[in-house]
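Taking it in order: structure first as structure tokens, then the write-up.
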Amino acid sequence: MFETTSVKALLIRPNFARPQLARDIRRLERDILRMGALVEQSFRLSHQALFARDLSVAEQLPLLDKKIDRYYKEIESECTAIITLHSPTKQDLRCLSAFMQLVRDLERIGDYAEDLSEIAVKIFPYEPHSCIPEIAVMSRHAQAMLATSLGALADLDEVGARSIKLLDDAVDEAYESVYETLANQKNIQGSVEPIVLLALAIRCLERMADHATNIGKRVAYIVTG
Amino acid sequence: MLLLGIFLGLGLSICLSICYTIQFNRYFGRENFSKRNILAHFAVLPLVGWRHKFAKVKKQQQYLKQQLQNYQNLLEQAPLGYLQVDEENQLLWCNQQARQMLSLEKWQPGQVRLLLEVVRSYELDRLIEKTRDRSSSQEREWVFHPSCENAEAMVEQKSVVLRATGLPLPQGQVGVFLENRQQLFEMSQARDRAFSDLAHELRTPLTSIRLVVETLQDRVNPPIARWINRLLTEVDRLIDLVQSWLDLSRLESNPTTQLNYQPLEIKALINSVWESLEPIAQRQVVQLNFTDVDDAWINADKSRLYQVFFNLLHNSIKYSPPCGVIRVEVNVNVPLQNKNKSSPENGPLLAIDIIDAGHGFAQEDLPHIFQRFYRGDKARSRSIKGEGNSNSLDGSGLGLAIVHQILAAHGGNITAMNHPETGGAWLQIHLPQVIAKSVTQDYI
Chain G
9 MFETTSVKAL LIRPNFARPQ LARDIRRLER DILRMGALVE QSFRLSHQAL FARDLSVAEQ
69 LPLLDKKIDR YYKEIESECT AIITLHSPTK QDLRCLSAFM QLVRDLERIG DYAEDLSEIA
129 VKIFPYEPHS CIPEIAVMSR HAQAMLATSL GALADLDEVG ARSIKLLDDA VDEAYESVYE
189 TLANQKNIQG SVEPIVLLAL AIRCLERMAD HATNIGKRVA YIVTG
Chain D
1330 MLLLGIFLGL GLSICLSICY TIQFNRYFGR ENFSKRNILA HFAVLPLVGW RHKFAKVKKQ
1390 QQYLKQQLQN YQNLLEQAPL GYLQVDEENQ LLWCNQQARQ MLSLEKWQPG QVRLLLEVVR
1450 SYELDRLIEK TRDRSSSQER EWVFHPSCEN AEAMVEQKSV VLRATGLPLP QGQVGVFLEN
1510 RQQLFEMSQA RDRAFSDLAH ELRTPLTSIR LVVETLQDRV NPPIARWINR LLTEVDRLID
1570 LVQSWLDLSR LESNPTTQLN YQPLEIKALI NSVWESLEPI AQRQVVQLNF TDVDDAWINA
1630 DKSRLYQVFF NLLHNSIKYS PPCGVIRVEV NVNVPLQNKN KSSPENGPLL AIDIIDAGHG
1690 FAQEDLPHIF QRFYRGDKAR SRSIKGEGNS NSLDGSGLGL AIVHQILAAH GGNITAMNHP
1750 ETGGAWLQIH LPQVIAKSVT QDYI
């Protein structure tokens, strides 16, 4: 039976002599998934703010970001506490160090989501640009990548984790093409601010996708080493 | 030697049988047996008693098993979603509806996994934690977005309004009932939209009717003119009603963008409202008793807040007995419960109490008075007595709903109670965004 799909199952086996450590790591995993759920939510809200022009949503982002930051700090200090207190085995150590790097990636995605919502507020007064739909597709791709990476973390699914790389290529391509469109824009009337803002937005999305790829890599590292 | 062996074996078996009986009895909680009784019982009928009991227990066990199975089947087929987690928030079991609602394709029965691993919903997790911490039933409603790993499918992905009720169970377990509220939500939205469309459509013909009536007013003779005047007031009433419904729906759909924030002093605002209500107040000989801590300044939409106090004070005057006093008290509160968290919502609140000396709200009306078109029986009888002669929102059933909506748009709230001393209505308003004193001086 291949029941070792969850982190818990994978972790419990080598540790059943040390239930405290196993429990701590499981709790850590739970917190990371909570934080992941929050990051997913803030990404979704920033998408809504930017593409559905729903500004009331943008107000919620700073609050969410504060919560995410709190989880980030908590998880990081918890990781170091476990490392110093329990002197974990090689595999646990691998897991913990991956966790520490992974939460940083998550936290960065949360930050970028907040940036996106600020962009949404600034871009609101301008006419929607023609390449907005393309950027929306890009944003959806990045969100799917985040969901995949978190799903891979929950299932400790190495194949899923590696497949994110392919999705990342789609986002990179979209970035290039939108950048081309924006950079080669001629006869601009009025302010260039919307174009600058859109360039910043695609930059944010591209970075978010990169961080999601990183999370996938860390998950693969936990599984295979 | 052989004899010794037989005796030894016999002794051992008797010892064992007594031992088992005691365990047996303890297992079924029949503690009323005294030790001597057991010994006597078993000395006489050791085997028959056992067999009898065993059969009985087996039957009982089967019955219980059957019942458990029945309950589980019922829960599995229930029209509500149900899931159960253990003290570490691991999903133990969930029924078909829950699997469907939360899109739990990954989970198979018998598998024990962290709930967050199979459904990443922060709200659900919070609800479970809260239920466990407070060990009391908790309820929450939120929009659930199923996570989607495919960018193309994301557009079609529908979010669902879910209501979850968490129930604490023994050993730190928590059971959660899930209810899909999406249809209800959509229906109420459709209803509101239909109403506001209707109001919108009604406004133009009503305005032209009014114009026609106005033209007629000067051209008809006195006996008919009375009817025309009556018609005019009724048309005005209708226009007001339609307008306030439109305001209400606009406020609801876009709470923040409809407001024009500006710093204003509450005392001056309430006084100006009172001035415009003075004629009605004088007719009823009602007085205003205003107590104010200091001049309290607040960031809010002036005309909207004017409407709030107008509606509330107008109501208070209507329901006050002759020579009554309406008390208005303004305080600045710092919320105590969330002091450690420094989010913007937890700043000081402005508390305004409006207390009259009328007969208050009926207990059964209290939960509904802020609903649109809700009228308690008292209000209905009152509006008949009032002959519908006053203007504005008299008895439209929208006044308090508008008040509620305006305050909600400001991030504040209003609660209705009956005052223990006067027995009259007691409306308590809380508003955020109190302006600090030093800043107010800059504005003056």
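Protein chains in written order, with our numbering: chain G, 9 to 233; chain D, 1330 to 1773.
C-beta: ideal position from N, C-alpha, C; glycine also.
| Check | Outcome |
| --- | --- |
| Cβ-Cβ distance between serine 157 (chain G) and alanine 220 (chain G) below 8 angstroms | yes |
| Within 8 angstroms of chain D by C-beta, residues of the region 131 to 163 of chain G in sequence order | Val145, Arg148, His149, Gln151, Ala152, Ala155, Thr156, Leu158, Gly159, Ala162 and Asp163 |
| Against chain G: residues of the region 1464 to 1475 of chain D by CB proximity under 7 angstroms | His1474 |
| Three-state secondary structure assigned by DSSP to isoleucine 1683 (chain D) | strand |
| Validate contact between the region 1518 to 1534 of chain D and the region 1548 to 1562 of chain D using beta carbons, cut 8 angstroms, 3 pairs | no |
| Cβ pair leucine 213 (chain G), methionine 146 (chain G) closer than 8 angstroms | yes |
| Extent of the continuous beta strand (DSSP E) run through glycine 1495 (chain D) | 1489 to 1497 |
| Extent of the continuous alpha helix (DSSP H) to which alanine 30 (chain G) belongs | 27 to 59 |
| Glutamate 1594 (chain D): first and last residue of the uninterrupted beta strand (DSSP E) it sits in | 1590 to 1594 |
| Where aspartate 123 (chain G) falls, given that 16 or more other Cβ within 10 Å makes a residue buried | buried |
| Min CB distance arginine 1522 (chain D) to chain G below 8 angstroms | no |
| Where cysteine 1423 (chain D) falls: helix, strand or coil (DSSP) | strand |
| With 16 other Cβ atoms within 10 Å as the buried cut-off, status of isoleucine 40 (chain G) | buried |
| Entirely enclosed alpha helix (DSSP H) segments - the region 1581 to 1652 of chain D, minimum 4 residues | 1595 to 1613 and 1631 to 1648 |
| Check whether isoleucine 1309 (chain D) and leucine 1679 (chain D) have beta carbons under 8 angstroms apart | Here chain D has residues from 1330 to 1773 only, and residue 1309 (chain D) is not among them. |
| Leucine 1760 (chain D) in three-state terms, based on DSSP | strand |
| Sufficient close CB pairs (3 or more, under 8 angstroms) joining the region 1501 to 1511 of chain D to the region 1543 to 1559 of chain D | no |
| C-beta neighbour in chain D for leucine 46 (chain G), strict 8 angstroms | yes |
| Same chain only: Cβ atoms within 8 angstroms of glutamine 1467 (chain D), ignoring 5 sequence neighbours per side | Leu1456, Lys1459, Thr1460, Thr1494 and Gly1495 |
| 3 or more residues per run - each beta strand (DSSP E) lying fully within the region 1387 to 1462 of chain D | 1410 to 1414 and 1419 to 1423 |
| Own chain, CB closer than 7 angstroms to histidine 55 (chain G), minus 5 neighbours either side, in chain order | Ser147 and Gln151 |
| Any C-beta of chain D under 8 angstroms from that of leucine 29 (chain G) | no |
| Distance, leucine 1445 (chain D) Cα to lysine 1487 (chain D) Cα | 20 angstroms |
| Chain D contact residues for leucine 41 (chain G), given Cβ-Cβ distances below 8 angstroms | Leu1443, Leu1445, Glu1446 and Arg1449 |
| With 16 other Cβ atoms within 10 Å as the buried cut-off, status of histidine 1697 (chain D) | exposed |
| Beta-carbon gap between arginine 42 (chain G) and aspartate 1454 (chain D) smaller than 8 angstroms | yes |
| Assigned secondary structure, alanine 191 (chain G) (DSSP; H/G/I helix, E/B strand, else coil) | helix |
| Glutamine 197 (chain G) (DSSP reduced to helix, strand or coil) | coil |
| Three-state class that DSSP yields for glutamate 1481 (chain D) in the structure shown | coil |
| Rounded separation between leucine 63 (chain G) and lysine 130 (chain G) - CA only | 10 angstroms |
| Partners in chain D for arginine 52 (chain G), counting only beta-carbon separations shorter than 8 angstroms | His1474 |
| Contacts that glutamine 49 (chain G) makes with chain D (C-beta to C-beta distance below 7 angstroms) | Tyr1451 |
| Between the CA atoms of arginine 215 (chain G) and glutamate 188 (chain G) - distance to the nearest angstrom | 18 angstroms |
| Residue-level contact to chain G via CB, methionine 1483 (chain D), 8 angstroms cutoff | yes |
| Pairwise C-alpha distance: alanine 209 (chain G) and glutamate 1594 (chain D) | 41 angstroms |
| In chain order, each beta strand (DSSP E) run of at least 3 residues that lies wholly inside the region 54 to 95 of chain G | none |
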